[in-house]
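Everything on this sheet refers to the single structure shown next.
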Amino acid sequence: KASWLNKGFKSTDFNLVTAHIIFTLLVYSLIQVYLNIEKLNDLANKTMEALRYEESLGENATIMYAGGYYAALDNDEGLYYVAFLEGEPLKRFRKWIKEFINQKYRIPDDP
């Protein structure tokens, strides 16, 4: 945008100057919106496995989700955050753990 102004935009007509400024700002804003959308699309295309790989956590990783954000942590760090849960999140976590353990160690059904 600065190069346009350096080449000598010499009009003194108010409407032409205003149109030039608005056009310059509009183009700049649209380019920024496009770049932000591309960045968000790239982020959305990443899978949990890709995040795990990028963080070099290996198989023993904990993925935590809160308020629209998520993080890939190693198990020790994930357990540290779980230790400080309170109220409703703690109840939901305990319920999930109980169901997971019951599912993992349930008696097989008879055929």
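In terms of full-length UniProt numbering, the sequence shown opens at residue 1 and continues consecutively.
C-beta atoms are modelled at their ideal positions from N, C-alpha and C, and glycine is treated no differently.
Check: Residues near Gly78 in its chain [Cβ-Cβ closer than 7 Å; skip 5 each side]; Outcome: Thr62 and Met64
Check: Euclidean distance between Cα positions of Tyr81 and Ala71; Outcome: 12 Å
Check: Start and end residues, alpha helix (DSSP H) containing Leu73; Outcome: Per DSSP, Leu73 belongs to no alpha helix (DSSP H); it is in the beta strand (DSSP E), Tyr69 to Asp74.
Check: Strand pairing of Ala61, partner residues [DSSP]; Outcome: Asp74
Check: Residue from Gly68, Pro89 and Leu25 with nearest C-alpha to Ala44; Outcome: Gly68
Check: Residues sharing a beta bridge with Ala66, DSSP; Outcome: Tyr69
Check: Distance between Leu73 and Leu35 (C-alpha atoms, nearest Å); Outcome: 29 Å
Check: Reduced DSSP secondary structure (H/G/I, E/B, other) of Asn41; Outcome: helix
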